[in-house]
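Single-structure report; data block below.
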Amino acid sequence: MEFQIWLMNKILRRLFSNPKLLNLVSSILLTGLFTSCEKDIKIDIGDNEPQLIVEAYINNLMPEYNYVILTKSMDYFAPDFQGVPVSNAQVTITEGESSGNGTFRWNSSTRIAMEETNNSRIPAEYRKGLYVDQKTIATFSTGPSGLIAKPGKYYLLEISSEGKNYSAITSLPSIITIDSLTTGHAYIDEAEGNIPKARVTVNYKDPDTIGNRQLFYWRQDKNRDGFGWGALSSNRRINGTDDLTNGQYLKLTQPYGFNYNELVNYYMVSVTREVYTFWDSFNKARNNDGPFSTPVELISNIRGENVTGCFSGFAVSTKAVVVKP
867 MEFQIWLMNK ILRRLFSNPK LLNLVSSILL TGLFTSCEKD IKIDIGDNEP QLIVEAYINN
927 LMPEYNYVIL TKSMDYFAPD FQGVPVSNAQ VTITEGESSG NGTFRWNSST RIAMEETNNS
987 RIPAEYRKGL YVDQKTIATF STGPSGLIAK PGKYYLLEIS SEGKNYSAIT SLPSIITIDS
1047 LTTGHAYIDE AEGNIPKARV TVNYKDPDTI GNRQLFYWRQ DKNRDGFGWG ALSSNRRING
1107 TDDLTNGQYL KLTQPYGFNY NELVNYYMVS VTREVYTFWD SFNKARNNDG PFSTPVELIS
1167 NIRGENVTGC FSGFAVSTKA VVVKP
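So for the sequence shown, my numbering puts the first residue at 867; every next one is plus one.
In structure tokens form, the structure reads like this:
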């Protein structure tokens, strides 16, 4: 929580001239740290109505990392800017296929009701507003048990809360397989007491199709027990597209350093253009440099009134490596 407060103060200093954007970014940041219809969210300083914030994920590899977080943004002048968890919502996810021309066939037999978690492995302060497939989260399985996504399929998220309905559609693109992980580029981290560190390089072949987009996450010793994509990626998300590297064999070295002999679980996540665009706009909003910066719009894929956020379909490939100089 101390880090959350520090980060919130940083955002406040950067965005104090823009209350609406501050509300949206603050709420998503705090929910993310614990762990298709395009809509531009217009920034209107005079309108300060609370928003429903939706942070939802579905992936093919780790069913316990398929979840939905619902919060409501606070008033700009409230003493606490943290989003309020939204409980007692009805949340479902249904699998389907594209019928072409922007229509879909949804398989009602696959519909799963997501319930607010009471799992003791998740800190109590983060359980409210966190909706999961109870069968999956109860076992914390890393196998395909409970809600699990499939590349090439589409998924419909439906939310009913306080008399209002919301929905979103996402899909999983094809998985791009990690060929190998290598370590090197050793250096001395003077900021952390002259600790020797090395960097991780991911090696993979980009498909010969245009438009592949990736997000990169990793789990290491200090966040190994953290739950959620936000816990894995806080300040460590790196976006990538293949606009200039289509079809090439790539070697991508992350700037983040790891301790020698540390085990790193590395995740390469392929996403659709809509998902990538949202997280790209979110990162730009988070890094906005203050009152004289160009306003940033969050590009949401959630349908409904006074809502923003993203239903993110993640096609995940993973490998592990022990860091060596």
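Note that the Cβ used here is the ideal one computed from N, Cα and C, for glycine as well.
Residue interval of the alpha helix (DSSP H) (run including residue i)
i, result
"Ser1147", "Arg1139 to Arg1152"
Residue closest to residue i, alpha-carbon to alpha-carbon, out of the options
i, options, result
"Met928", "Ser1136, Gly1012 and Val1130", "Gly1012"
"Thr1199", "Asn926, Thr937, Ile924 and Tyr923", "A query on residue 1199 cannot be resolved here, the shown segment of the chain reaching from 867 to 1191 and no further."
"Pro1191", "Asn1153, Tyr1132 and Arg1065", "Arg1065"
"Ser964", "Met980, Pro1017, Tyr933 and Asp999", "Pro1017"
"Val950", "Thr1036, Asp1055, Ile935 and Cys1176", "Ile935"
"Asn1069", "Glu1058, Val1141, Tyr1133 and Gly1029", "Tyr1133"
"Asp1055", "Asn1125, Ile1025 and Pro1073", "Asn1125"
"Arg1169", "Phe1148, Pro1062 and Asn1031", "Asn1031"
"Tyr933", "Gly1096, Glu1128 and Arg1152", "Gly1096"
"Gly1094", "Glu981, Val998, Ile1041 and Thr976", "Val998"
"Lys1117", "Lys1001, Asp1146 and Thr1067", "Thr1067"
"Tyr1115", "Lys994, Ser1046, Ile959 and Thr1002", "Ser1046"
"Gly1050", "Pro1121, Lys994, Gly966 and Gly1059", "Pro1121"
Residue environment, residue i, which counts as buried when at least 16 other CB atoms sit within 10 Å
i, result
"Arg1079", "buried"
"Glu930", "buried"
"Leu1023", "buried"
"Leu887", "Unreliable positioning characterises Leu887 in this predicted model, as indicated by a pLDDT of 48, which lies under 50. The coordinate reading is nonetheless provided below. Buried is the call here."
"Glu991", "exposed"
"Glu904", "Annotation note: pLDDT 46 at Glu904 (below 50); position unreliable, coordinate value reported separately. Result: exposed."
"Glu1140", "buried"
"Glu961", "buried"
"Thr1075", "exposed"
"Ser974", "exposed"
"Gly1029", "exposed"
"Ile1061", "exposed"
CB of residue i within 7 Å of CB of residue j, strictly
i, j, result
"Thr1143", "Ile1165", "yes"
"Glu921", "Asn1172", "no"
"Gln917", "Ser939", "yes"
"Phe970", "Tyr1020", "yes"
"Ala1052", "Leu1038", "no"
"Thr1036", "Phe1177", "yes"
"Val1135", "Gln1086", "no"
"Ile1044", "Lys1185", "yes"
"Asn1167", "Ala979", "no"
"Ser1026", "Val952", "no"
"Asn926", "Val1182", "yes"
Element boundaries [beta strand (DSSP E), containing residue i]
i, result
"Ala1052", "Ile1044 to Asp1055"
"Ala979", "Ile978 to Glu982"
"Ser1086", "Looking at the sequence itself, residue 1086 is Gln, so the reference to Ser does not match. Per DSSP, Gln1086 belongs to no beta strand (DSSP E) and is neither H nor E."
"Gln1120", "Tyr1115 to Asn1125"
"Val1189", "Premise fails: Val1189 is in no beta strand (DSSP E) and is neither H nor E."
"Ala1064", "Ile1061 to Lys1071"
"Ser939", "Here Ser939 belongs to no beta strand (DSSP E), and DSSP marks it neither H nor E."
"Leu1038", "Premise fails: Leu1038 is in no beta strand (DSSP E) and is neither H nor E."
"Gly962", "Gln956 to Gly966"
"Thr969", "Thr969 to Trp972"
"Ser1027", "Tyr1020 to Ser1027"
"Leu996", "Leu996 to Val998"
"Val920", "Leu918 to Asn925"
Residue i versus residue j - alpha carbon distance
i, j, result
"Gly1123", "Trp1084", "12 Å"
"Val1188", "Arg987", "26 Å"
"Ile924", "Asn1089", "21 Å"
"Asn1149", "Phe1180", "18 Å"
"Thr1119", "Lys1071", "15 Å"
"Asn1127", "Ala1057", "20 Å"
"Asn1153", "Trp1145", "12 Å"
"Ala1151", "Glu1163", "7 Å"
"Trp972", "Gln1000", "22 Å"
"Leu996", "Asn984", "9 Å"
"Asp1091", "Lys1063", "22 Å"
"Ile919", "Glu982", "16 Å"
"Phe958", "Gly1059", "At residue 958 the sequence reads Thr, which differs from the Phe that was named. Between Thr958 and Gly1059, the C-alpha separation is close to 48 Å."
"Thr1002", "Pro1073", "32 Å"
"Gly966", "Arg993", "38 Å"
"Thr1048", "Ser1147", "31 Å"
"Pro989", "Gly968", "40 Å"
is_contact[residue i, chain E] using C-beta, thresh 7 Å
i, result
"Thr1184", "Absent from the structure is chain E; it holds one protein chain and no more."
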